[in-house]
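Report on the structure given below.
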DNA sequence: CGCGGGCCCTGTGAGC
DNA sequence: TGCTCACAGGGCCCGC
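In the numbering used here, the protein residues as written are 4 to 272.
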């Protein structure tokens with residue numbers, strides 16, 4: 004579900020509702036969604052003020068008034084929403100913050116690939132790579148030079164660039180006319196230049212449409228994204244390429260679905 | 001030590 | 001209608 008545009012959309016909709024809010028109570032229904040194991044989240048958060056909320060990679064980073072931080076990762080099916088007290092608490096709701104104004108922030112994640120990660124004073128970025136929106140082509144070129152993996156697989160590595168996922172890597176490679184199975188270290192300067200621009204263009208357009216909802220994604224207000232209607236390759240196997248009319252192919256790389264147009268994204272050069 | 005594969009989970013939709 | 005199976009936006013951990 005959540006890649007950079009979706010996570011940013013959650014932050015954008017959550018921020019005005021929680022920035023400056025006091026967490027009056029914390030209800031943790033499953034302690035195993037919290038990392039490190041044994042963290043007393045209730046103690047850390049109760050009666051704290053949320054002074055800031057921001058995105059780093061695919062992480063939603065909260066800064067508290069005591070300077071401590073934690074982040075929530077949405078995994079595949081995570082939702083972070085603001086709801087009223089009387090709205091039904093759905094199955095798989097693992098964490099609830101009661102705010103001073105009577106609203107609740109709820110974290111719900113059926114597959115539990117997401118979770119809550121206590122940082123304290125640790126760096127929210129961890130070992131993550133640079134943000135794609137401010138990425139420089141020479142920087143990406145240097146990183147891709149260091150690996151023999153397929154360019155598709157390399158771009159999914161959050162240590163290389165932080166925030167891209169399966170949808171936007173496929174979309175960006177298509178926009179740049181690059182074959183997904185091309186070895187990362189074989190891309191030339193012009194290709195990386197084009198790829199850098201394509202990544203930014205695709206992410207910017209996706210953000211403008213509040214991300215992609217294939218199934219689960221909603222923002223903090225429960226609103227779905229609309230960018231899935233504008234995908235040019237992702238989840239379009241067998242359909243005509245919107246650029247050249249060729250048939251979109253689906254292959255599996257590193258266990259992930261990969262969609263591309265064999266005519267626009269040629270194997271050679 | 002880089003890399004590929006397995007695995008962690010639940011829900012859904014296609015196919016029989 | 002009901003069952004089985006493949007698959008899903010992510011990422012950690014384990015051998016090789």
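Built from N, CA and C at the ideal position, the CB exists for glycine as well.
Exercise. Decide yes or no for the touch test of the stretch 187 to 198 against the stretch 211 to 221: beta carbon pairs closer than 8 Å, at least 3 of them.
Key: no
Practice problem: Mind listing, in chain order, the continuous alpha helix (DSSP H) runs of no fewer than 4 residues lying wholly within the stretch 172 to 218? | Solution: 192 to 211
Self-check item: Alpha-carbon to alpha-carbon, residue 174 and residue 182
Solution: 12 Å
Quiz item: Are the beta-carbon atoms of residue 184 and residue 153 separated by less than 8 Å?
Solution: yes
Quiz prompt | For residue 248 and residue 172, the rounded distance between their alpha carbons | solution = 21 Å
Quiz item: Using the beta-carbon count (16 or more within 10 Å), is residue 271 buried or exposed?
Solution: exposed
Practice problem: Would you mind stating whether residue 13 and residue 165 have Cβ atoms separated by less than 8 Å? | Solution: no
Practice problem: Would you list, in sequence order, the uninterrupted alpha helix (DSSP H) runs of no fewer than 4 residues that lie entirely inside the stretch 34 to 65? | Solution: 44 to 48
Exercise. Assign residue 43 to buried or exposed, taking buried as 16 or more other Cβ atoms, counted over all protein chains shown, within 10 Å of its Cβ.
Key: exposed
Exercise. Kindly confirm or deny that the stretch 215 to 233 and the stretch 133 to 142 touch, where touching means at least three C-beta pairs closer than 8 Å.
Key: no
Quiz prompt | residue 6 classed as buried or exposed, judged by whether at least 16 other C-beta atoms fall within 10 angstroms | solution = buried
Quiz item: Does DSSP put residue 252 in a helix, a strand or coil?
Solution: strand
Quiz prompt | Residue(s) in a DSSP beta bridge with residue 87 | solution = 106
Quiz prompt | For residue 73, three-class secondary structure by DSSP | solution = strand
Quiz item: How is the beta strand (DSSP E) around residue 259 delimited, first residue to last?
Solution: 259 to 263
Practice problem: Return the CA-CA distance between residue 245 and residue 266, expressed in angstroms with no decimal places. | Solution: 12 Å
Quiz item: Among the residues of its own chain, which have a CB less than 6 Å from the CB of residue 168, if the five just before and after it don't count?
Solution: 6
Quiz item: Is residue 112 closer than 8 Å to residue 78 when the C-beta atoms are compared?
Solution: yes
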